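For reference, each letter of the sequence shown is one residue, going 1 to 104 in UniProt numbering.
All C-beta atoms, glycine included, are put in the ideal place defined by N, C-alpha and C.
Bear in mind that the values here come from a model prediction, so they are computed numbers and not experimental data.
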Amino acid sequence: MIQHGQEIELNMHDGTVRDVCFIEDTSNKSSLLISGGAGDCKIYVTDCATGQAFQALSGHSGHVLSLYNWGGATVLSGSHDRTVRFWDLRTRGCTNVLTPITVP
1 MIQHGQEIEL NMHDGTVRDV CFIEDTSNKS SLLISGGAGD CKIYVTDCAT GQAFQALSGH
61 SGHVLSLYNW GGATVLSGSH DRTVRFWDLR TRGCTNVLTP ITVP
């Protein structure tokens with residue numbers, strides 16, 4: 001159990017952490033830390049009570065630059081691969097991908 005104010009290391013990332021966001025998981029009354037960054041281009045979900053990552057979201061081919069929580073179980077991520085992905089934490093998968101419009 002992590003004590004209030006105790007520092008934890010996000011050692012699941014193999015590169016720089018670029019962004020984080022916190023989510024209150026109402027199903028089991030816990031807080032979740034969502035983190036993304038460089039290196040493996042994954043987004044990790046960590047239980048704030050234990051400090052353990054329990055979910056890794058894969059799909060970006062470039063560094064994850066930004067994260068945004070939208071409506072509890074939905075997280076949006078922006079990446080250096082020029083996509084925005086919508087993630088559903090309940091199904092542990094990507095539900096939509098926005099790509100830039102290319103003009104001929």
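Can you give me the C-alpha to C-alpha distance between G5 and T46, rounded to a whole angstrom? Translated into positions along the sequence shown, residue 5 becomes position 5. Translated into positions along the sequence shown, residue 46 becomes position 46. When rounded, the distance between both Cα atoms is 16 angstroms.
Element boundaries [beta strand (DSSP E), containing R18]: Translated into positions along the sequence shown, residue 18 becomes position 18. 17 to 25 is the extent of the beta strand (DSSP E) around R18.
From H63, G78, S66, D19, pick the residue whose C-alpha is nearest to that of P100; which is it? Position 100 of the sequence shown, counted from the first residue, corresponds to residue 100. Of the candidates H63, G78, S66, D19, the one whose C-alpha sits nearest the C-alpha of P100 is G78.
Do C48 and I34 come within 8 angstroms of each other at the CB atom, strictly closer than that value? Mapped onto the sequence shown, residue 34 falls at position 34. Mapped onto the sequence shown, residue 48 falls at position 48. Between I34 and C48, the C-beta spacing is not below 8 angstroms.
Pick from A73, G36, V84 that is closest to S27, judged by C-alpha positions: Position 27 of the sequence shown holds residue 27. The residue with the shortest Cα to Cα distance from S27 is A73.
In whole angstroms, what is the alpha-carbon distance linking G15 and G36? Within the sequence shown, numbered from 1, the residue matching residue 15 stands at position 15. Within the sequence shown, numbered from 1, the residue matching residue 36 stands at position 36. Straight-line Cα distance between these residues: approximately 9 angstroms.
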